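Trainee: Structure provided below as structure tokens; questions to follow.
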């Protein structure tokens, strides 16, 4: 490159000097130099014209013939064009392969911009959701998928967990929708058919509900006979007395297990839910504490920090059940002398109900599974405390009904804190005054 520029400059200087000498000899020094300058300018404009005309109409044509700097420019641009065409051809082939492979997927794939306007979808997505090209291209996806659950999921960007909805195009088909944000908050949406899994889950729920309901009657009969035997156990041999006591304890535990299973089934099915209303948080907690004191020891210390005018919008029975499970768990797993803190905090963004204990704590690797049915960190703790293993599963479903989330913070040896985070729409605080009470049993 430097050689070309050097040769060009030397050629221009040689011509300039030659013209200067000829002009001096002819006695028209300035005229000859002016002609040389105009000729040079004409040459440059002509080369520029050729370059512009080639760029406009070249396509795949070879560049104009030239030498020097312009020849190098033509060749360099031509090489760039060839490289760009080759790169575009590779990208087009890759894009075609991606579209072909994506179209062959059984799962639906949808691309939408940051406003939710549809840009592209594969055949499976069109089949599941009833999308049609080109009519629906550019339409907002919430106008196509008319489901209240999907509208809340998409507009509030609740993309942490997949959503299961009914297919708007296929009767009896259930779809799982999962969304990922990329680039400038554009949406990549995956849709898959989970009808079989949904039906299996519904079958499991129905079986648990029906089995639990049918077990209530024989268990009531057995419990009645055990209570009768317990009344006359003093007249029985000691070996039988211990068996009767164990039967009584286990029948009570079985009854509680069945009640929890039925409650969990009702929460999962959304059947016969009571109407949501505004309640005082302190009233719910006070009602729970009246029944909780029976399982507390003299050394337990219970501290509540709840504003008298703190309000929460929801189902009283469900909130009572969730808060009760958290408080009872804290009491059962706290050692003698342990302090249990029950607290309510509210702001413009949310309301938080938390229960903190000074128990053994939980290893962080077990925390994600705590809300699973019958999951226990220590297999022996459930039998000692009389728990059913369904308490936190019930809490999870109650919070789902109230658009809330459960947060668990715990480390071995430091106790645990269970917090229920409610959205601002379900929280109200009339005054800022907060009362603190200490209850020791």
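Numbering (our numbering), first residue to last: 683 to 1123.
From the three backbone atoms N, C-alpha and C, an ideal C-beta is built for every residue, glycine too.
Since the structure is predicted, the reported quantities are computational estimates derived from the model, not experimental observations.
(1) Give the secondary structure of residue 1099 by DSSP, where H, G and I count as helix, E and B as strand, and everything else as coil.
(2) Could you give the DSSP three-state label for residue 1035: helix, strand or coil?
(3) By alpha-carbon positions, which one of 859, 957 and 992 ends up nearest to residue 966?
(4) Closest to residue 1103 by CA distance: which of 1041, 711 and 1088 is it?
(5) Helix, strand or coil for residue 814, going by three-state DSSP, please let me know.
(6) Does the beta-carbon of residue 1030 have 16 or more other beta-carbons within 10 angstroms, so that it is buried, or is it exposed?
(7) Within a Cβ cutoff of 7 Å, which residues of the same chain sit near residue 789, ignoring the five residues on either side of it in sequence?
(8) Apart from the five residues just before and just after residue 698, which ones in its own chain have a Cβ nearer than 7 Å to its Cβ?
(9) Below 8 Å CB to CB, which residues in the same chain sit around residue 690 once its five sequence neighbours on both sides are set aside?
(10) Rounded to a whole number of angstroms, what is the C-alpha to C-alpha distance between residue 1128 and residue 780?
(11) Using the C-alpha atoms, what's the distance from residue 703 back to residue 712?
(12) Terminal residues of the continuous alpha helix (DSSP H) containing residue 684?
(13) In whole angstroms, what separates the C-alpha of residue 941 from that of residue 969?
(14) From residue 1111 to residue 1028, what distance separates their C-alpha atoms?
(15) Are the stretch 902-922 and the stretch 834-846 in contact at 8 Å, needing three or more beta carbon pairs?
(16) Going by the beta-carbon positions, is the gap between residue 680 and residue 1105 smaller than 9 Å?
(17) State yes or no: is the beta carbon of residue 738 nearer than 9 Å to at least one beta carbon in chain C?
(18) In this structure, what does DSSP give as the bridge partners for residue 992?
(19) May I ask which residues mark the beginning and end of the beta strand (DSSP E) holding residue 961?
(20) Residues in its own chain within less than 6 Å of residue 820 by CB, not counting five upstream and five downstream?
(21) Hey, residue 1023 and residue 985 are a contact pair by Cβ (cut 8 Å); roughly how many whole angstroms apart?
(22) Figure out for me which residue from 927, 959, 920 and 999 has the closest Cα to the Cα of residue 946.
(23) If you follow the beta strand (DSSP E) that residue 1023 is part of, which residue opens it and which one closes it?
(24) Can you tell me the Cα-Cα spacing of residue 1062 and residue 1084, whole angstroms?
(25) Nearest CA to the CA of residue 951: which residue from 825, 1058 and 883?
(26) In the DSSP assignment, the alpha helix (DSSP H) including residue 926 goes from what residue to what residue?
(27) Check whether the Cβ atoms of residue 1073 and residue 971 lie closer than 9 Å to each other.
(28) Assess, as a yes-or-no matter, whether the stretch 1045-1055 is touched by the stretch 919-938 under the definition of 3 or more beta carbon pairs within less than 8 Å.
(29) Could you check whether residue 746 and residue 766 sit closer than 9 Å to each other, using their CB atoms as the reference points?
(30) Please state whether DSSP places residue 794 in a helix, a strand or coil.
(31) Helix, strand or coil: how does DSSP classify residue 880 here?
(32) Along the alpha helix (DSSP H) that carries residue 1015, what are the first and last residues, could you check?
(33) From residue 859 to residue 802, what distance separates their C-alpha atoms?
(34) Relative to the alpha-carbon of residue 1026, which residue among 845, 707 and 988 has its alpha-carbon at the smallest distance?
(35) Please state whether the Cβ-Cβ distance between residue 864 and residue 877 is less than 9 Å.
(36) Taking just the CA atoms, how far does residue 792 sit from residue 1108?
Mentor: Inspection of the coordinates gives the following:
(1) Looking up residue 1099 in the chain shown gives position 417. Residue 1099: strand per DSSP, three-state reduction.
(2) In the chain shown, residue 1035 corresponds to position 353, counting from 1. DSSP places residue 1035 in the strand class (E or B) of the three-state scheme.
(3) Residue mapping note: residue 966 aligns to position 284 of the chain shown, counting from 1. Here the closest residue by C-alpha is 992.
(4) By 1-based counting over the chain shown, the position of residue 1103 is 421. Residue 1103 has its Cα closest to that of 1088, out of 1041, 711 and 1088.
(5) The residue labelled residue 814 in the question sits at position 132 within the chain shown. Three-state DSSP puts residue 814 in coil, outside helix and strand.
(6) As a first step, residue 1030 must be located in the chain shown, where it is residue number 348. So residue 1030 ends up on the exposed side.
(7) The count along the chain shown starts at 1 and reaches residue 789 at position 107. Excluding residues within five positions, the ones whose Cβ falls inside 7 Å are 806, 872, 873 and 874.
(8) The residue you call residue 698 lines up with position 16 of the chain shown. Result list for residue 698: 718, in chain order.
(9) Within the chain shown, the letter at position 8 stands for residue 690. So the qualifying residues of the chain are 750 and 751.
(10) Here the chain covers residues 683 to 1123 and nothing more, so residue 1128 does not appear.
(11) For this step, residue 712 is matched to residue 30 along the chain shown. For this step, residue 703 is matched to residue 21 along the chain shown. Computed Cα separation, rounded: 11 Å.
(12) Position 2 of the chain shown, counted from the start, is the residue given in the question as residue 684. Looking at the DSSP string, the run of the alpha helix (DSSP H) that includes residue 684 is 684-708.
(13) The count along the chain shown starts at 1 and reaches residue 941 at position 259. The count along the chain shown starts at 1 and reaches residue 969 at position 287. When rounded, the distance between both Cα atoms is 19 Å.
(14) Against the chain shown, residue 1111 aligns to sequence position 429. Against the chain shown, residue 1028 aligns to sequence position 346. Computed Cα separation, rounded: 7 Å.
(15) no
(16) Since the first and last residues shown for the chain are 683 and 1123, residue 680 lies out of range.
(17) This model lacks chain C altogether; it includes just one protein chain.
(18) The residue you call residue 992 lines up with position 310 of the chain shown. In DSSP, residue 992 forms a bridge with 1111.
(19) As a first step, residue 961 is located in the chain shown; it is residue number 279 there, counting from the start. Start and end: 959-962.
(20) Counting from one through the chain shown, the residue named residue 820 turns up at place 138. Taking residue 820 as the centre and dropping the five residues before and after it, the same chain places the C-beta of 799 closer than 6 Å to its C-beta, in chain order.
(21) Here the question's residue 1023 lines up with position 341 in the chain shown. Here the question's residue 985 lines up with position 303 in the chain shown. Sure, about 5 Å apart at Cβ, within 8 Å.
(22) Here residue 946 is taken as the residue at index 264 of the chain shown, counted from 1. Nearest of 927, 959, 920 and 999 to residue 946, Cα basis: 999.
(23) In the chain shown, the residue the question calls residue 1023 occupies position 341. Taken as a continuous stretch (DSSP letters only), the beta strand (DSSP E) holding residue 1023 covers 1021-1028.
(24) The sequence position of residue 1062 within the chain shown is 380, counting from 1. The sequence position of residue 1084 within the chain shown is 402, counting from 1. With a pLDDT of only 49 at residue 1062, under 50, the local geometry of the prediction cannot be trusted, and no value is derived from it.
(25) Within the chain shown, numbered from 1, the residue matching residue 951 stands at position 269. Minimum Cα distance to residue 951 is reached at 883.
(26) In the chain shown, counting from the first residue as 1, residue 926 sits at position 244. Element bounds for residue 926: 920-951.
(27) Stepping through the chain shown from its first residue, residue 1073 is reached at position 391. Stepping through the chain shown from its first residue, residue 971 is reached at position 289. No, the Cβ-Cβ distance between residue 1073 and residue 971 is not below 9 Å.
(28) no
(29) Within the chain shown, numbered from 1, the residue matching residue 766 stands at position 84. Within the chain shown, numbered from 1, the residue matching residue 746 stands at position 64. No, they are not a contact pair.
(30) As a first step, residue 794 must be located in the chain shown, where it is residue number 112. Assignment of residue 794 by DSSP, reduced to helix, strand and coil, places it in the strand class.
(31) Against the chain shown, residue 880 aligns to sequence position 198. In this structure, residue 880 counts as helix in the three-state DSSP scheme.
(32) In the chain shown, counting from the first residue as 1, residue 1015 sits at position 333. Premise fails: residue 1015 is in no alpha helix (DSSP H) and is neither H nor E.
(33) What you label residue 859 is simply residue 177 of the chain shown in a count that begins at 1. What you label residue 802 is simply residue 120 of the chain shown in a count that begins at 1. For residue 859 and residue 802, the distance between alpha carbons rounds to 16 Å.
(34) By one-based count along the chain shown, residue 1026 stands at place 344. The residue among 845, 707 and 988 with its C-alpha nearest the C-alpha of residue 1026 is 988.
(35) In the chain shown, counting from the first residue as 1, residue 864 sits at position 182. In the chain shown, counting from the first residue as 1, residue 877 sits at position 195. The answer is no: Cβ separation not under 9 Å.
(36) Position 426 of the chain shown, counted from the first residue, corresponds to residue 1108. Position 110 of the chain shown, counted from the first residue, corresponds to residue 792. The straight-line gap from Cα to Cα measures roughly 33 Å.
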